[in-house]
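Enquirer: Next up is a structure, given as C-alpha cells.
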Amino acid sequence: MAQPATQREILCNLFKSTNPLRTDVLETRRLTSPRRPPNNDARHIVLSSPGLSYLPGQSIGVLPEGFDARSGKPQQLRLYSVSSATKGDYGDSKTVSTVVVRHFWDNEETGETSIPGVCSNYLCDCEVGDRFQITGPVGKRFVLPADFHQRDLIFVATGTGIAPYRGMLEDMFAQGYEGKVFLIFGVQYADTILYDDEFQSYQDRPNFRYITALSREGERNPFPDDVPTPREKMYVQVRIWQHREEIGPSLEKPDTLVYQCGLKGMEKGVFQVIDKIGTEMAEPDLSLRMKAEGRMLLEVY
Ligand SMILES: Cc1cc2nc3c(=O)[nH]c(=O)nc-3n(C[C@H](O)[C@H](O)[C@H](O)COP(=O)(O)OP(=O)(O)OC[C@H]3O[C@@H](n4cnc5c(N)ncnc54)[C@H](O)[C@@H]3O)c2cc1C
C-alpha cells in the first residue's frame, strides 16, 4: 500500500514584502574554486533571522535594492532555498543560510551578453555586516514529511538545488533517521561541488549514499542507448541508472519519496530513468504513480 507523506505544520509568510525582515550578513564564503569563471561563483551566505522560523525545503525572498530598469518600480523579490537545518548554522535558531550562484544572461534583442542578474550578484557581492531585507519563509510542498524517519529518500540535485538537502540531512541525522537516503548531485566540475566536505563527513553512515555526476570533467555517459543525454555527458539520471541495483529496491518500496531540486528541465531525464527502472520491475509508469501518490517532490527553477 502506498504511503503518501504525512503533512506537518508548516509556517509561511511570517515576513512579507510589506513587512520584511531586516537581516545582517553574518558570513559569506565562496564554495567553488576561484579558478572557475563568475558563472560558477556560488556563495554560502549566513543571515541573521530574528523571528524567522523555517524548515529546510522552504525558501526565503530577497528584496534587492534599486529599481527595475524596465518597469521603473522597486526591484521584485527573488526566491532562494534555505540551505541550513531548522536550527540554523550556529545551532541557536537565529540564522538562516542560503547558497547563491551568480546568474548572467544574454539579451537577444540588443545583442548584449553576460548581463549580471540583479539579485544573485547583489547577494554574491555582499559582505559581512551588510544589511538587506528578506521575506518568507515560503513553500509547503518540498519539506520532509512528519514521518520521514523510516522512509527511504532519494534526493536528486543539480547546482544550487543542493540547498534544501544540506539542511534536511542535518535534521534527519540529528533526529535518528533510520531509512536509507541517496544524495545524487550533479554539477559541472569537481571543484564546483557545493558542500562536498559536509556530505563526505556523512560517508561512514551505512544509510547514506552520496553519488556525484560531473558533466564537464570528461566522463562520458556509458549508457547512451538506455539513458540518452546531450553530447553523451554524465548527468544525474545516468548515475541513477548506473546504480539501479542499489536504488531500485528503494524505488520499489511503497513509502519512498523522491525529491528533485535544481535546474528546470532536470526532472524530464529523472522521470524517464525512474520509469526505465520501473519497467525492469514490471512497473513502466512508476514515476506517474509516485506523482499521483504525492511521493515525487519537485522544486525546479
Ligand atoms: C523556489 C526557488 C528557489 C530558488 N533557489 C535558489 C537558490 O537556492 N540559489 C540560487 O542561486 N537561485 C535560486 N533560485 C533562482 C533565483 O530566485 C533567481 O531567479 C536567480 O538568482 C536569478 O536572479 P537575478 O536577480 O540574479 O537575475 P535577474 O536579473 O532576475 O534575471 C533573470 C532573468 O530575467 C530575464 N531578464 C532580466 N532582466 C531583463 C531585461 N531587462 N530584459 C529582458 N529580460 C530580462 C533574463 O532572462 C534573465 O536570465 C530559486 C528560484 C526559485 C523559484
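Residue numbers for the sequence shown follow the numbering used here, beginning at 464 and rising by one. Beta carbons: idealized from backbone N, C-alpha and C, even for Gly. This one's a predicted model, so the numbers in the text were calculated from it and none came from an experiment.
(1) So is residue 748 buried or exposed if we call it buried at 16+ other beta carbons inside 10 Å?
(2) Please classify residue 759: does DSSP put it in a helix, a strand, or coil?
(3) Have a look at residue 687 and residue 573 and give me their C-alpha separation to the nearest angstrom.
(4) Roughly how many whole angstroms lie between the Cα atoms of residue 579 and residue 589?
(5) Return helix, strand or coil for residue 734, following the three-state DSSP convention.
(6) Grab me the residues of residue 561's own chain with a C-beta within less than 7 Å of its C-beta, minus the 5 sequence neighbours each way, in chain order.
(7) Whose CA, out of 729, 681 and 737, lies closest to the CA of residue 706?
(8) Would you mind reading off the limits of the alpha helix (DSSP H) that contains residue 711?
(9) Could you tell me which uninterrupted beta strand (DSSP E) segments, each at least 3 residues in length, are contained entirely in the segment 642 to 704, listed from first to last along the chain?
(10) May I have the straight-line CA-CA distance separating residue 667 from residue 618, to the nearest angstrom?
(11) Indicate the three-state DSSP secondary structure (helix, strand or coil) for residue 524 in the structure shown.
(12) Rounded to whole angstroms, what's the CA-CA distance from residue 513 to residue 636? Just pull it up for me.
(13) Taking all protein chains shown into account, decide if residue 405 is buried (16 or more other Cβ within 10 angstroms of its Cβ) or exposed.
Expert: The short version:
(1) Mapped onto the sequence shown, residue 748 falls at position 285. When all chains shown are included, residue 748 counts as exposed.
(2) Numbered from 1 along the sequence shown, position 296 holds the residue referred to as residue 759. Reduced to three states, the DSSP call for residue 759 is strand.
(3) To locate residue 687, count along the sequence shown from 1; it is residue 224. To locate residue 573, count along the sequence shown from 1; it is residue 110. Rounded to whole angstroms, residue 687 to residue 573 spans 38 Å at the Cα level.
(4) Locating residue 579 in the sequence shown gives position 116, where the first residue counts as 1. Locating residue 589 in the sequence shown gives position 126, where the first residue counts as 1. In a straight line, the C-alpha of residue 579 is about 15 Å away from that of residue 589.
(5) Your numbering for residue 734 matches position 271 in the sequence shown. The answer is helix: DSSP assigns residue 734 an H, G or I state.
(6) Residue 561 sits at position 98 when you count from the first residue of the sequence shown. Correct list, in chain order: 508, 523, 543, 544, 545, 546 and 626.
(7) As a first step, residue 706 is located in the sequence shown; it is residue number 243 there, counting from the start. Of the candidates 729, 681 and 737, the one whose C-alpha sits nearest the C-alpha of residue 706 is 737.
(8) Walking along the sequence shown from the start, residue 711 turns up at place 248. That run of the alpha helix (DSSP H) goes 707 to 715.
(9) 644 to 650 and 671 to 677
(10) Residue numbering aside, residue 667 sits at position 204 when the sequence shown is read from its first letter. Residue numbering aside, residue 618 sits at position 155 when the sequence shown is read from its first letter. Taking the straight line from one Cα to the other gives about 18 Å.
(11) Sequence index remark: in the sequence shown, residue 524 carries index 61 (1-based). Here residue 524 sits in strand by DSSP.
(12) The count along the sequence shown starts at 1 and reaches residue 513 at position 50. The count along the sequence shown starts at 1 and reaches residue 636 at position 173. Those two C-alpha atoms are separated by around 25 Å.
(13) This structure gives no information on residue 405, because the portion of the chain shown stretches from 464 to 764.
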